[in-house]
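Visitor:
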Amino acid sequence: MQTGNAVESADFFTHAELLPWIVLLPLLGAAINGLFGKRMSKGAVTFFGVGSVVAAFVLSCIEVSRLAELESGALASTLWTWFSSFELHIDIAFSLDQLSAVLLLVVTGVGSLIHIFSIGYMRSDEGYWKYFSYLNLFMFSMLLLILGKNLLVLFVGWEGVGLCSYLLIGFWFKDMPKAEAGQKAFVTNRVGDLAFLIGAFILLFYSQGTLDFHELKQTAASMHTDQPVELTIVCLLFLVGACGKSAQIPLYVWLPDAMAGPTPVSALIHAATMVTAGVYLMVRTNFMFSASETAMTVVAIVGAATALMAATIALVQNDIKKVLAYSTVSQIGFMVAAVGVGGYVAAVFHLMTHAFFKACLFLGAGSVIHALHHEQDIRKMGALKKKLKVTRWSFLISCLAIAGIPLFSGFFSKDEILFTAFTTSHWGADPKMYVFGMLLLAAFCTAFYMFRLYFLTFEGEYRGDKHTWDHAHEETVMNIPLMVLGFLAAAGGLLGLPHFTHAHFLHGWLQPVLGFVKGKAPDGTPLEFIQVGGENAFTYVHDTNTELMLMGLSVLVAAIGILLAWRLYKRPASELPKAPVDAWWHRLLSNKYYVDEFYDATIVRPLRGTANLLHKVVDVGLIDGLLVKGPAKTLGKIGDGLRMFQNGDVQAYATVVVVGMAAALFFIV
Amino acid sequence: MLEQILFWLLAGGAILTAAMVVLPPVGRNPLYGALSLILSFFFISGLYVLLVAHVMAVLQVLVYAGAIMVLFIFVIMLLNLSDKELGQSRKTTAQFIGVLAVSAIAVKAIMVVSSATGSKALMAADAGFGTVDGLADLLFRQFLFPFELVSILLLVAVIGAVVLAKRRLT
Amino acid sequence: MVDDLLLISPLLIVTVMGLVSLLVGVFAPAGSFKGWLAFLTSFGFLAALGACYMLWHETSAGAAFSSQSFHYSLTLDHFGLALCGVILLGALLATLTAVHYLPAQKSDHAEYYALIAFSALGMMIMVMAADLLTLFVALEVMSISIYILAGFKRDSSFSTESAMKYFILGSFASAILLLGISFTYGATGTISMREIGLAVAGGDAHSELALFGMVMLIVAFGFKIAAAPFHMWTPDVYEGAPASVTGFMAVGVKAAGFGALARLLLTCFGAPEYRDGSAVSWETLIVILAVISMCAGNLMALAQKNLKRMLAYSAIAHTGYLLMALLVVPASSDGEQALNALGGGLVFYLLAYTLANVAAFGVAAAVGARGVEDAGEEAYAGLAGRDPMLAFALTIAMLSLLGIPLTAGFMGKLTLFGELLSSGGGEYLWLVVVAVVNSVVSAYYYLRVVMVAYMQDESAEKPIALLKSAPLRVAVGVAAILTLVFGIMPNKAINASTRAGYSLVHTSNPATYGARVSAAKPAITSTVEPKDVAHR
């Protein structure tokens with residue numbers, strides 16, 4: 000079976016020699032800056048740090064255009080056999096298909112812009128070289144994740160981005176509490192990674208030693224018929240992995256804390272790229288998820304619940320970055336929900352547009368924070384449109400995009416998610432209307448909190464101190480990325496025009512990956528299917544009237560949200576509504592539903608308690624107290640040789656050995 | 000029959016004297032403990048005789064009961080520890096559990112070994128066994144390598160004694 | 000005979016180097032710097048490594064000795080050679096960390112290097128031993144050297160106490176080992192591993208007696224490799240012994256213990272009914288030990304503040320992972336399951352573990368050399384600022400122990416878990432899950448070290464001076480770099496270690512290896528055949 004697959008793989012893939020360089024260039028940049036950065040001039044650090052990523056973007060464009068010219072198949076490049084033992088065979092190999100191409104362009108493109116932005120933002124930081132070294136290392140890991148030809152290379156990137164984000168969160172910190180916040184992010188991520196790994200091991204067991212995505216397709220199809228339960232378990236484990244990386248319920252708690260890092264990092268890692276890795280994983284393994292109805296239902300519920308929950312929390316946040324963080328959690332919830340209802344294209348589409356407008360929002364926030372000397376509280380801002388013109392316009396455009404105002408990018412992608420949720424059925428079940436409802440409500444909240452943020456920051460009157468106001472200004476090197484991203488946030492939606500226009504570019508582009516099959520309903524409505532093992536798993540209904548009706552509905556919802564925010568917050572400082580801090584719902588929301596406290600009480604403290612208890616009971620209590628019962632063991636007292644024998648440790652240790660041996664003997668013999 | 004009786008006498012004596020090394024009242028005094036150990040070695044040497052391992056029996060008395068134990072006793076007498084320095088002997092839970100576990104293992108061992116009598120493996124030794132000739136054959140032919148290795152072991156032990164015991168050179 | 004000496008040349012080289020450094024040391028003026036002896040010994044280790052490499056290519060599937068004394072006592076196969084390589088690598092790097100560390104500890108004696116060489120000799124013979132007597136003597140050579148080394152800081156009551164504890168408990172374990180050997184001899188009438196295997200497989204052995212001996216042997220080795228619940232000595236001894244010794248002890252004793260245990264179990268008790276016939280098998284026992292070890296080790300490590308003590312508990316946890324390697328049943332080329340062979344997991348994992356621990360303890364030596372070894376993690380605060388290179392190496396070591404991709408530790412875990420999954424129809428999937436959960440828990444304490452080193456400022460009141468030592472930095476750096484190299488391009492090493500694991504098929508299987516030896520019948524004929532002696 001393996002050899003057969005290998006032959007077919009060889010036919011499927013066209014060799015691409017530039018592919019490894021896309022991954023390696025950022026690594027090279029990271030190595031140069033990491034090793035010699037301390038002694039190099041800032042210009043040189045910038046050259047290697049930013050240049051490597053821009054070069055990677057250029058190479059990506061070349062390779063993607065090559066991919067577009069291919070008639071079938073995908074590009075691939077194998078570096079070396081990583082690992083070959085027993086029945087396992089795993090290469091260090093990269094592949095570029097239509098799905099990874101979208102991600103590749105987004106990551107290198109947005110990544111380049113954020114690198115350029117960082118030149119201005121980090122200019123006065125003494126760890127300039129270190130920052131770029133970490134950032135490049137992150138790009139390297141992210142590109143490994145995207146281009147990995149098999150699950151294991153993807154996992155290397157998966158762990159790598161987690162590690163880099165851990166390093167970058169802690170970048171500015173020398174004090175332990177904040178570093179521990181970074182550790183919280185890492186440990187939460189590890190829980191997800193654990194699930195991912197176990198899933199991969201189970202998959203490995205059924206796939207006869209291969210983890211290549213291309214070959215896993217057959218595995219999924221055979222498991223669908225022979226081991227449906229196991230397949231569902233693998234999917235659910237992957238979902239948990241995705242929840243960790245993409246900050247979904249129940250593992251979303253780390254992302255808001257991760258905002259402690261520098262703002263461009265938040266833009267790159269915690270908005271545009273890394274946090275969407277979970278969505279990428281699920282779309283990448285769509286052939287597995289499509290097969291399992293249970294798993295997909297869970298995915299949809301998790302996504303929709305996260306979208307709604309995070310959106311409500313964002314309503315009451317006052318830190319500009321926290322609002323954006325919860326907004327990110329919520330928007331990724333939209334993507335996960337899209338996967339859950341079978342809208343793989345919609346998920347990738349929203350992932351892309353979200354990368355544009357959310358990166359733009361974060362960089363805008365960074366520009367504001369930079370201008371106001373690291374002030375992040377929106378209650379102390381206002382009227383900044385007079386000072387930060389470029390930032391204001393790009394921010395406004397992105398707000399319109401995320402709120403879903405027609406013709407801006409977010410409108411198209413969000414509508415496609417809602418439309419898919421409303422019409423798509425999985426294995427013949429009814430469309431998941433509750434997902435649609437929750438997402439619609441979340442969309443309303445989104446429009447409200449984004450414009451609350453916008454009005455409080457850029458409109459009204461300034462509420463901070465005068466000195467800061469006088470010095471507030473923008474920088475050109477930071478404006479350029481803002482303008483580019485603002486343009487993309489406005490126009491990015493053109494890649495996925497609604498289905499009735501028959502000009503959905505992304506849908507056609509992803510066809511080779513997802514393999515849609517066209518059909519017709521009895522009443523003539525055009526249908527499309529995704530098939531698993533020859534059966535129709537997903538049924539998509541492309542009904543023009545429904546699509547138009549839903550568009551109207553979502554525009555209405557968004558408009559109400561914006562108008563409400565306008566009424567409440569576009570006012571002079573004295574007339575701003577007081578937050579109802581005593582209301583139960585406000586307390587509930589501003590305490591984030593008490594989830595952190597809940598985890599602390601149910602997981603963190605019991606675990607730490609168990610460790611301490613074990614330490615106390617076994618080490619101190621059992622050995623010293625119960626078994627020794629002698630004078631307390633104090634290291635200072637152990638002077639002469641004789642007391643050493645008498646402190647009892649040795650006897651107690653020997654006793655444990657003997658008891659263990661007796662147990663083993665009686666058990667075995 | 001005589002062999003049986005001798006065996007039980009010797010074995011019982013060996014165990015009893017070995018217990019006396021550590022158990023009060025005899026074991027309370029290090030000197031008496033060491034003397035009990037010598038006794039135990041004698042009994043074991045008797046067991047070797049029963050097993051027709053004459054050379055081993057003689058070596059046991061010469062090396063252990065003779066040389067090594069004399070050294071032990073010298074050291075103990077040089078230290079000349081008083082009762083106060085020895086301190087109180089303590090009864091700990093560890094000792095109790097330990098004795099219990101060891102007894103359990105012993106019972107199990109006795110059960111297993113007694114069920115093994117008549118096993119093919121437990122055969123009588125043939126002629127030449129236990130003589131200097133036979134021992135030399137084992138040491139210098141079949142087990143030459145471990146025999147050589149023992150010399151390294153002794154060297155290491157000597158180094159250890161020197162390293163751990165010598166005063167700091169100033 | 001000369002050929003035979005060539006076949007044991009790694010052993011001879013190490014012995015000679017130990018003797019030379021001992022002798023040369025005697026003539027060095029008292030109180031003078033003895034670090035140069037380290038280079039002499041290291042050179043010996045390097046030469047022995049070269050000899051191992053040469054023999055590896057000479058040996059097709061286990062070279063036969065022509066003289067009986069060797070061939071009864073030693074087995075020369077890829078398994079033994081590979082583990083000798085790991086041990087020598089660990090010894091080489093650990094020796095270099097001691098050069099300036101010992102003077103800083105005021106324990107700069109020439110005997111140190113001789114003892115390292117002799118304990119390495121003991122370890123190497125342990126993994127090559129073909130009979131239980133040789134095994135025992137080799138184990139004692141190793142152990143006694145290590146006891147002395149653990150107490151090498153004579154002025155420190157802490158170090159002396161740990162040595163004493165280790166010595167008493169170690170002797171206790173030796174007694175158990177001897178008792179186990181006696182029972183095995185009683186059951187089979189021989190102490191040659193191969194013949195024990197024959198007797199056991201042929202049903203000639205008294206099975207209860209043999210099992211009794213087997214359990215005791217496992218317990219005794221469980222003590223040496225620090226498997227829970229026989230691990231109690233580990234934290235105290237690791238903490239008390241000088242850091243350069245702990246580093247060597249952690250890696251060498253573990254490699255030797257696992258090598259000997261694997262060979263012993265597979266050669267003597269490889270027969271199916273002793274392996275996994277029913278509950279009465281060593282596999283069950285090993286599984287239990289593995290689970291207890293990893294859970295206990297990881298949970299206890301969570302509460303530790305001292306790096307050396309934490310690494311001790313981490314060593315227990317890794318023993319748990321490593322024990323899983325003994326359960327792997329690889330399929331040979333014809334698809335048959337080879338009960339008496341290993342996959343590539345054990346040797347490669349030991350290699351990764353060795354490198355990571357040498358690096359970690361090297362850093363501990365550099366930080367602790369000025370007498371703050373007993374201090375907690377605050378000694379490592381701000382290490383990144385004081386010495387970026389050491390901090391980086393420490394990070395790599397921690398990431399490797401944790402099993403982050405692109406480090407050797409990750410590949411080790413992957414090989415081991417992957418092999419265990421594909422052998423035996425997936426019956427150990429649950430064990431792999433337990434191990435993965437455990438390795439996730441371990442993230443907490445490994446990363447805390449990294450966090451302290453990078454994100455905390457060193458305490459202002461009493462900044463701790465680092466040991467300036469070029470050899471130590473070279474050793475730590477080489478260990479860190481090799482950790483990365485074996486993480487990124489591990490395939491050759493994994494193939495070699497798989498070959499090592501497979502080679503047991505030939506050398507432990509009475510049918511195949513016996514035939515090979517008799518084909519190359521000894522030059523010196525003897526009137527005493529091994530069988531005769533054993534059954535007399």
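Which chain is which? The protein sequence lines are S, F and Y, in order. First residue of the first sequence? That's 0 in numbering that gives the first Met the number 0, and the numbers climb one at a time after it. First residue of the second sequence? That's 0 in numbering that gives the first Met the number 0, and the numbers climb one at a time after it. First residue of the third sequence? That's 0 in numbering that gives the first Met the number 0, and the numbers climb one at a time after it. Every residue, glycine too, gets a C-beta built ideally from N, C-alpha and C.
Which partner residues does D682(S) have in the DSSP bridge list?
Guide: No answer is possible for residue 682(S): the residues shown for chain S start at 0 and end at 668.
Visitor: When the Cα of I377(S) is compared with those of L494(S), E158(S) and R451(S), which residue comes out closest?
Guide: Closest by C-alpha distance to I377(S), out of L494(S), E158(S) and R451(S), is R451(S).
Visitor: Please determine, among L417(S), A653(S) and K577(S), the residue with the shortest C-alpha to C-alpha distance to M437(S).
Guide: L417(S)
Visitor: Would you kindly work out how many angstroms separate the C-alpha atoms of Y598(S) and L567(S), rounded to a whole number?
Guide: 35 Å
Visitor: From which residue to which residue does the alpha helix (DSSP H) around Q530(S) run?
Guide: Taken as a continuous stretch (DSSP letters only), Q530(S) belongs to no alpha helix (DSSP H), being part of the beta strand (DSSP E) at P525 to V531.
Visitor: Helix, strand or coil for S424(S), going by three-state DSSP, please let me know.
Guide: strand
Visitor: Here's the rule I'm using: 16 or more other beta-carbon atoms within 10 Å means buried, otherwise exposed. How should M123(Y) be labelled?
Guide: By the 10 Å Cβ count, M123(Y) comes out buried.
Visitor: Does D318(S) come out as helix, strand or coil in the three-state DSSP assignment?
Guide: D318(S) falls in the strand class under three-state DSSP.
Visitor: List the residues of chain Y that S408(S) touches, going by C-beta distances under 9 Å, in chain order.
Guide: Correct list: empty, because the minimum Cβ distance to chain Y is about 35 Å.
Visitor: For K148(S), count neighbouring C-beta atoms within 10 Å of its own C-beta (all shown protein chains included) and say buried if the count is 16 or more, exposed if not.
Guide: buried
Visitor: At a CB-CB cut-off below 8 Å, which residues of chain S make contact with F222(Y)?
Guide: V656
Visitor: Would you mind giving the Cβ-Cβ distance between G161(S) and F185(S), rounded to the nearest angstrom? I have them listed as a contact below 8 Å.
Guide: Confirmed, Cβ separation roughly 6 Å.
Visitor: DSSP on H460(S), reduced to helix/strand/coil?
Guide: In the sequence as displayed, the identity of residue 460(S) is Glu instead of His. Three-state DSSP puts E460(S) in coil, outside helix and strand.
Visitor: For Q141(F), would you say it is in contact with chain Y, using Cβ-to-Cβ distances shorter than 7 Å as the test?
Guide: yes
Visitor: Is there a Cβ of chain Y sitting closer than 7 Å to that of R604(S), yes or no?
Guide: no
Visitor: DSSP puts I42(S) in a beta bridge; with which residues?
Guide: First, the amino acid is wrong: residue 42(S) is Gly here, not Ile. G42(S) is not bridged to any residue.
Visitor: Given that A162(S) touches chain Y, what residues does it touch there, using C-beta distances under 9 Å?
Guide: The sequence shown places Leu at residue 162(S), rather than the Ala named in the question. Under the 9 Å cutoff, chain Y gives L398 and I403.
Visitor: By the 7 Å beta-carbon criterion, what residues does the stretch 93-115 of chain F contribute toward chain S?
Guide: A93, Q94, I96, G97, A100, V101, A103, I104, K107 and V111
Visitor: Work out the CA separation of I401(S) and L383(S) for me, nearest whole Å.
Guide: 21 Å
Visitor: Output yes if chain Y places a C-beta closer than 7 Å to the C-beta of L77(F); else output no.
Guide: no
Visitor: Anyone know if the C-beta pair for T296(S) and I368(S) falls short of 7 Å?
Guide: no
Visitor: List, in order along the chain, the chain F residues whose C-beta lies closer than 7 Å to that of G196(Y)?
Guide: Near G196(Y) there are no residues of chain F at all, since even the closest Cβ is about 14 Å away, more than 7 Å.
Visitor: At the level of alpha carbons, what is the spacing between G11(F) and A225(Y)?
Guide: 36 Å
Visitor: Could you give the residue range of the alpha helix (DSSP H) that holds T293(S)?
Guide: Counting along the chain, the alpha helix (DSSP H) containing T293(S) begins and ends at E292 to A313.
Visitor: Quick check for students: name the residue ranges of the alpha helix (DSSP H) that lie wholly in the stretch 115-157 of chain S, counting only runs of 4 or more.
Guide: 127-146
Visitor: Would G89(Y) count as contacting chain S if we go by Cβ distances under 7 Å?
Guide: Answer no: the Cβ-Cβ gap between G89(Y) and chain S never drops below 7 Å.
Visitor: Would the stretch 551-560 of chain S count as touching the stretch 300-318 of chain S if we require 3 or more Cβ pairs under 8 Å?
Guide: Not touching, per the Cβ criterion.
Visitor: Once the 5 residues before and after I217(Y) are set aside, which same chain residues still bring their CB inside 7 Å of it?
Guide: W281 and L284
Visitor: Thinking just about the alpha-carbon of each residue, which of N285(S), I113(S), G277(S) and A199(S) is nearest to the one in A220(S)?
Guide: N285(S)
Visitor: Please list, in chain order, the chain Y residues whose beta carbon lies closer than 7 Å to that of E158(S).
Guide: Those within 7 Å of E158(S) in chain Y are I403 and P404.
Visitor: Drop a sphere of 10 angstroms on the beta-carbon of H466(S), count the other beta-carbons inside from all chains shown, and report buried for 16 or more, exposed for fewer.
Guide: exposed
Visitor: Considering only the beta carbon of each residue, do F537(S) and T423(S) sit closer than 7 Å?
Guide: yes
Visitor: Give me the DSSP bridge partner(s) of G518(S).
Guide: L526(S)
Visitor: On the premise that L98(S) lies in contact with L146(S), defined as a C-beta separation below 8 Å, what is that separation, rounded to the nearest angstrom?
Guide: The Cβ separation is near 11 Å, so there is no contact.
Visitor: Which same chain residues end up closer than 7 Å to R283(S) when comparing Cβ atoms and leaving out the 5 residues on each side of it in sequence?
Guide: L98 and F212
Visitor: For chain F, check one thing: does any of its Cβ atoms lie closer than 7 Å to the Cβ of E110(Y)?
Guide: yes
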